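Undergrad: In numbering that gives the first Met the number 0, the protein residues as written are 0 to 207.
Just so you know, even glycine gets a beta-carbon here, dropped at the ideal spot from N, CA and C.
Note that the structure is predicted; figures quoted are calculated from it, not measured.
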Amino acid sequence: MRGLTLYFDFVSPYSYIAFKRLRELPRDVEVELRPVLFAGLLQHFGNKGPAEIAEKRRWTYRWSTWWAQSLGIPFRFPASHPFNPLHHLRLSIAAGITPQNVARIFDMVWTTGAEASDPAAFRALAQELGVDEAKLAAPEVKDALRKNTDDAAARGVFGVPTYEVDGELFWGADALGFVNAFLADPAALRNEEMRRVDGLPVGAARKT
């Protein structure tokens, strides 16, 4: 079996689409799902999220809505966005990071159009997954999420979703074609031209 890691955050519409598109991978690829805090990655790399730039936010919401529909993926933005996904991330860890549990949390957020942070709905979801909400504050759960995020940043994961295959990172739900090309033939990435662009010098830098 070949291995692939998917770094994701429930706040990200593209993470949801990437998760749904895992069915497009070859059958012999074993997937590890790894929840990370997107805000932590943004802070680490000094980036802004797409929802923090008004024009980019509008485009992101339009594009992800159209794209999901074109792919046949059930999709509806929650009542407000962005929201704080911390509890959802911890819930996935406390419940066990299985495809079934991750799918259930994603579906609650990205198919109902409801308020993702609604306490009653979240409580019902936690009960459905067999998790006492008090467990979400357990040190081992909080530490696992923190470690996932720190380890991802250390590996160069700057955004979600990111696929990792054989130490190579592929950012974005739209990178799946590149992932499949690499799985079919590593030379799709490991070639002289890719090495050249990896080492290109910076010609000009924006003043800060």
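Straight-line CA distance for P160 to D149?
TA: 15 Å
Undergrad: Drop a sphere of 10 angstroms on the beta-carbon of I104, count the other beta-carbons inside from all chains shown, and report buried for 16 or more, exposed for fewer.
TA: buried
Undergrad: Give me, in chain order, the residues of the same chain whose beta-carbon lies closer than 7 Å to that of N100; leave out the 5 immediate sequence neighbours on both sides.
TA: S91, A94 and L128
Undergrad: Which residues mark the beginning and the end of the alpha helix (DSSP H) in which F181 is found?
TA: L175 to A183
Undergrad: Please report the residue range of the beta strand (DSSP E) in which G39 lies.
TA: Element bounds for G39: not the beta strand (DSSP E) but the alpha helix (DSSP H), F37 to F44.
Undergrad: Use the C-beta contact count for L3: other C-beta atoms within 10 angstroms, 16 or more gives buried, fewer gives exposed.
TA: buried
Undergrad: Secondary structure at F105, three-state DSSP: helix, strand or coil?
TA: helix
Undergrad: Buried or exposed: which applies to K55, given that a residue is buried once 16 or more other Cβ atoms fall within 10 Å of its Cβ?
TA: exposed
Undergrad: Taking the alpha-carbon of V178 as reference, which of A17, D8 and V10 has the nearest alpha-carbon?
TA: A17
Undergrad: Considering only the alpha carbon of each residue, which of F7, T59 and P12 lies closest to W109?
TA: P12
Undergrad: Out of P73, F169 and V140, state which residue places its alpha-carbon closest to the alpha-carbon of R154.
TA: F169
Undergrad: Exposed or buried, S63, counting other C-beta atoms within 10 Å across all chains shown (16 or more means buried)?
TA: buried
Undergrad: Using only alpha-carbon positions, find the residue among K206, P200 and E167 that is nearest to R189.
TA: E167
Undergrad: Taking only runs that begin and end inside the segment 30-94, name each unbroken alpha helix (DSSP H) of 4 or more residues, in chain order.
TA: 37-44, 53-69 and 85-94
Undergrad: I think A137 touches H43, with their Cβ atoms under 8 Å apart; what is that distance to the nearest whole Å?
TA: In fact, because the Cβ distance is near 24 Å, the residues do not count as touching under 8 Å.
Undergrad: Measuring straight from C-alpha to C-alpha, what distance separates D165 and A115?
TA: 34 Å
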